[in-house]
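Presented below is the structure to which this report refers.
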Amino acid sequence: MKVKTGLHRLTCKILYESLSMDMIVRIARIIMPGYDIHRQSGIPENIPITAQTAAEQVVKDIIAAGRYLQLIELLIKIDTTGYMGRDYPLLYMRDLIKTILSEGYSYDSVTGLFMENAHNQISPNWGRLVPGDEFQLALLRLDIVHNSELVRKHDKRVVDAAYADLRNMVSRAVLPRMGRLWFWEGDGCLAAFVFGKKERSAVLAGMEILHNLFFYNRLSNSLGTDLQVRLAVHGGPVKYAEDPQELKKNETIREIADIESNYGRPGTLMVTSNVFLSIDRVIQERFCAEVLRDSYKLRNYTIQVEQL
Numbered sequence: 049m050k051v052k053t054g055l056h057r058l059t060c061k062i063l064y065e066s067l068s069m070d071m072i073v074r075i076a077r078i079i080m081p082g083y084d085i086h087r088q089s090g091i092p093e094n095i096p097i098t099a100q101t102a103a104e105q106v107v108k109d110i111i112a113a114g115r116y117l118q119l120i121e122l123l124i125k126i127d128t129t130g131y132m133g134r135d136y137p138l139l140y141m142r143d144l145i146k147t148i149l150s151e152g153y154s155y156d157s158v159t160g161l162f163m164e165n166a167h168n169q170i171s172p173n174w175g176r177l178v179p180g181d182e183f184q185l186a187l188l189r190l191d192i193v194h195n196s197e198l199v200r201k202h203d204k205r206v207v208d209a210a211y212a213d214l215r216n217m218v219s220r221a222v223l224p225r226m227g228r229l230w231f232w233e234g235d236g237c238l239a240a241f242v243f244g245k246k247e248r249s250a251v252l253a254g255m256e257i258l259h260n261l262f263f264y265n266r267l268s269n270s271l272g273t274d275l276q277v278r279l280a281v282h283g284g285p286v287k288y289a290e291d292p293q294e295l296k297k298n299e300t301i302r303e304i305a306d307i308e309s310n311y312g313r314p315g316t317l318m319v320t321s322n323v324f325l326s327i328d329r330v331i332q333e334r335f336c337a338e339v340l341r342d343s344y345k346l347r348n349y350t351i352q353v354e355q356l
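All residue numbers for the sequence shown refer to the working numbering, where the first residue is 49 and numbers rise by one.
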């Protein structure tokens, strides 16, 4: 997040008018372990540091480290619930939050995290993840069935149009649920969810893609053959990286690729047990019984058409 001068100054003011120098430094160390105010400011240890000087240095360093939103989220928590059994009412917090929201961010009360508002901007890191950050994510992987055959047998313009339609379907299913598309490759993509009920969001996005593709194949598809996909949803820790190749080294991302490619079937959404247990019962009831595939416990969802 790019922090404008006015927001920078307001944050400093909240800290030095509401907290002691020691508490300001303690907050800095929660966000950046080992933080040394004397080393960062260049002020010798035998010289006292005022709360205002500490606040200005801490905010400057936190912004430089890309941790500004983490600071604000921590301040919101301290303002509402206190810290170590003590209340710390913070001044001007309403003004601060209002300013951040006006900058195109939304606040997720479930996770207590800020993220960029998809109506204003869309970036792979939600405007907040820093390379090296590790989060628990829900991942949705999609693969186009028989991609090479489709490309070989059909006119390029027709294939490109069909794939563009599919990308639009995926975007409409993922982005409104606060997900992000991390990379599109020739035959598929990976979407990530970190906010709110992320497992439910990933599963519902996958189901929506299957439903929309079902009708697309019957009403709008100009390929002359069904456009089919395999889908999988899996969850686990992911260390964020801006480089897609570095991102793919995460074990959770390797696992979902393994699940989709080895156990997925055309027109089917595969869901791992750690995701399945986190979704609503009304959604669970739409899935088949659990099956064990190597080390994975999987359930699948597919569209059932009644025969009249």
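Backbone N, C-alpha and C define an ideal beta-carbon position, used for all residues, glycine too.
Here Leu190 is near Leu279, since their CB atoms are less than 8 Å apart.
Distance from the CA of Thr273 to the CA of Asp143, rounded to the nearest whole angstrom, comes to 56 Å. For Leu258, the enclosing alpha helix (DSSP H) starts and ends at 246-267. Short of 7 Å from the beta carbon of Pro314, and not among the five residues preceding or following it, lie these beta carbons of its own chain, in chain order: Val193, Gln276, Arg278.
In the DSSP assignment, Gly54 falls within the unbroken alpha helix (DSSP H) covering 53-66. By the Cβ criterion, the region 158-176 is in contact with the region 223-237, since at least three pairs of Cβ atoms, one from each stretch, lie closer than 8 Å.
Here Gln100 carries a helix assignment [DSSP, helix/strand/coil]. The C-alpha of Leu187 lies about 44 Å from the C-alpha of Gly90. In the structure shown, Pro285 adopts extended strand secondary structure according to DSSP, grouped into three states.
Here Asp191 is bridged, per DSSP, to Gly236, Arg278.
Asn348 has Met318 as its beta-bridge partners, per DSSP. Judged by DSSP in its simplified three-state form, Phe162 adopts strand. For Arg115, the number of other beta carbons within 10 angstroms of its own is at least 16, and it is reported as buried. According to the DSSP assignment, Asp143 belongs to no beta strand (DSSP E) but to the alpha helix (DSSP H) extending over 141-150. Closest in C-alpha terms to Val73, from the list Thr147, Ala212, Glu256, Gln100, comes Gln100. Measuring C-alpha to C-alpha distances from Val281 to each of Tyr349, Glu354, Asp156, Val158 identifies Tyr349 as the nearest. Under the three-state reduction of DSSP, Ala112 is assigned to helix. Going by DSSP, Ser89 is part of no beta strand (DSSP E) but of the alpha helix (DSSP H) stretching over 85-89.
For Tyr264 and Met217, the gap between their C-alpha atoms comes out near 10 Å. For Tyr131, there is no enclosing alpha helix (DSSP H), as DSSP marks it with neither H nor E.
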